[in-house]
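To keep things clear, I will list the structure first and then write my remarks on it.
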Amino acid sequence: SYGAYGESTKAWSFTNEGKCPITGKHVVKRDTLRIVNANEERMEMFRKLGDEKEMKTMEIVLTRNK
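Here it is as structure tokens:
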């Protein structure tokens, strides 16, 4: 994946393209990582398979134990 930090979104965004191992269709992957505050990070994963609309496939919220 290749990515960069976006000042406007305050998040890192990574993109990757390849072939779906199940369908053989072209897939575009986009992942974001945002530091919400000192105790929380949020990661989201999006996928676009072939001509379909991009959809969120996963969201992970990391929270520090105190």
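In this text, residue positions in the sequence shown follow this note's numbering: the first is 36, and each later residue adds one. Virtual Cβ for every residue (Gly too), placed ideally from N, Cα, C.
Problem set entry | Whether leucine 84 touches valine 62 by CB criterion (7 Å) | Residue 84 sits at position 49 when you count from the first residue of the sequence shown. Residue 62 sits at position 27 when you count from the first residue of the sequence shown. A contact, by the Cβ cut-off of 7 Å.
For this session: Over the uninterrupted beta strand (DSSP E) stretch that includes threonine 50, give me the two end residues.
Result: Position 15 of the sequence shown, counted from the start, is the residue given in the question as residue 50. Run containing threonine 50: 46-54, per the beta strand (DSSP E) assignment.
Exercise. Ordered along the chain, which non-local residues of its own chain (more than five positions away) have a Cβ less than 7 Å from that of alanine 46?
Worked result: Position 11 of the sequence shown, counted from the first residue, corresponds to residue 46. Contacts found: Thr67, Leu68 and Arg69.
Problem set entry | Three-way DSSP call (helix, strand, coil) for lysine 88 in this model | Here the question's residue 88 lines up with position 53 in the sequence shown. Of the three classes helix, strand and coil, the one that applies to lysine 88 here is coil, per DSSP.
For this session: Please list, in chain order, all residues of the same chain as lysine 64 whose beta carbon is under 6 Å from its beta carbon, the five residues on each side excluded.
Result: Position 29 of the sequence shown, counted from the start, is the residue given in the question as residue 64. Only Asn51 and Arg82 meet the Cβ criterion.
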